[in-house]
Amino acid sequence: MKRYGKLVCIAIAALLAFAFLGGAAFAKELVVYSSVDEENAKNLLDEFSKATGITVNMVFLSSGPAMSRIEAEQANPQADVWFGAPNENHIIAKDRGLTQPYVSAAAGDLASGFKDPEGYWHAFYMNPLGFGVLPEELKADGKSVPASWKDLLDPAYKGMIQMPSPQSSGTAYAMIMTLIETFGENEAYAYMKELNPNIQTYTQSGTGPSKNLAIRETSIAIQFTPAFLKLVDEGYPAKVVFPAEGVGYEAAALSIIKGAKNLDSAKALVDWIVSKEGQQV
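So this is what it looks like as structure tokens:
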């Protein structure tokens, strides 16, 4: 009887060990390359983890480096989802065979322009472009607050403006597309050439200008406006300007990377981020 009891205990211990090891082996996780600014990405992905129990490992990369890394890792993908960057970037990724389709049932209410018809990408937020400025700093320098794209060409702003680099940032791409839409292609590229002397720094990330505005490294910054609006809400002496000629916007999207090792978790993120719950975070 004692021997039987010992065998039962051993069997239970073995089952518990198997359950523990099995749980570890099949733990739900997800690797994300995020082109959303780090603060907002962390907030969104933390809420996703709370809702689903999926552990997210996030690597922040601007859209250009993210695309390059996904392409370089194509034979052995190291991430499951590309999270953020304008949908135009995700269209390019699709065309290059870097992503895979998933038609989320949760995306049924998304307008056709905000999702790929085959499910290669889904947009999950929109941001307008604009200027972030420090009016008092400009006044102290004898400068006025720019009100339009044309105003930025004033030689008075020489070396005073920061914007993201077109070589690394989808934000800069969106700006150039806005200029093309507003002025025409040839005029847009002529505009960028004329603007160049007024640029103090081309930042590597799309949110670099707002960060430098916050520490007064620049008085005029160009990027998507949420970070500028956050500075205003926090009482920082900044002003948001939407240029008179009009602005473009990004429809930021996410895609599942082709060959994703955590495919079910990747699909769960798509479902959650376009759901009512995800959109209310």
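When the letters of the sequence shown are read in order and numbered with the working numbering, they come out as residues 31 to 311.
Glycine residues also receive a C-beta, built at the ideal position from the N, C-alpha and C atoms.
The model shown is predicted, which means the values in this text are computed figures rather than measured ones.
Exercise for the section: Would you tell me roughly how many angstroms separate the C-alpha atoms of D184 and L259, rounded to the nearest one? Expected result: 25 Å
Exercise for the section: Using 10 angstroms around the beta-carbon of Q253, count the other beta-carbons present and answer buried if the total reaches 16, otherwise exposed. Expected result: buried
Practice task
Go ahead and pull the three-state DSSP assignment for M205.
Solution key: helix
Practice task
Alpha carbon to alpha carbon, how far is V262 from F272? Give it in angstroms, no decimals.
Solution key: Using only the alpha carbons, I get a separation of about 14 Å.
Practice task
Starting from the C-beta of M140, find all residues in its chain whose C-beta is less than 8 Å away, skip the five residues before and the five after it, and write them out in chain order.
Solution key: Per the sequence shown, the amino acid found at residue 140 is Leu instead of Met. Answer for L140: H152, A153, V304, listed in chain order.
Exercise for the section: Check whether the Cβ atoms of W112 and Y63 lie closer than 7 Å to each other. Expected result: Between W112 and Y63, the gap from beta carbon to beta carbon is short of 7 Å.
Handout entry: Contact under 7 Å by Cβ, V311 with P158
Key = The answer is no: Cβ separation not under 7 Å.
Handout entry: Integer Cβ distance of G114 from A71, believed to fall under 8 Å
Key = Correct: roughly 7 Å between the Cβ atoms.
Handout entry: Per-residue DSSP class, three states only, for Y266
Key = coil
Problem - W179, enclosing alpha helix (DSSP H) - first and last residue - result: From DSSP, W179 is part of no alpha helix (DSSP H); its letter is neither H nor E.
Exercise for the section: If I'm right that A274 touches A177 with Cβ under 8 Å, what's the distance once you round it to whole angstroms? Expected result: Rounded, the Cβ-Cβ distance is 6 Å, consistent with contact.
Handout entry: Collapsed DSSP secondary structure at P185 in the structure displayed
Key = helix
Exercise for the section: Consult DSSP for S235 and reduce its assignment to one of helix, strand or coil. Expected result: coil
Handout entry: Boundaries of the alpha helix (DSSP H) in which P131 is found, first to last residue
Key = Premise fails: P131 is in no alpha helix (DSSP H) and is neither H nor E.
Exercise for the section: Given a cut-off of 7 Å, decide if Q230 and T248 are closer than it, judged by their beta-carbon atoms. Expected result: yes
Practice task
Assign F56 to one of three DSSP states: helix, strand, or coil.
Solution key: Note on F56: pLDDT 44, under 50, position unreliable in the model; the coordinate value appears next. Here F56 sits in coil by DSSP.
Problem - Residues that DSSP places opposite I250 in a beta bridge - result: DSSP, once it has assigned bridges, lists V163, I191 as partnering I250.
Problem - Contacts around S243, its chain only, beta-carbon distance under 6 Å, and the 5 residues preceding and following it disregarded - result: According to the sequence shown, residue 243 is Leu rather than Ser. Only G162, A251 meet the Cβ criterion.
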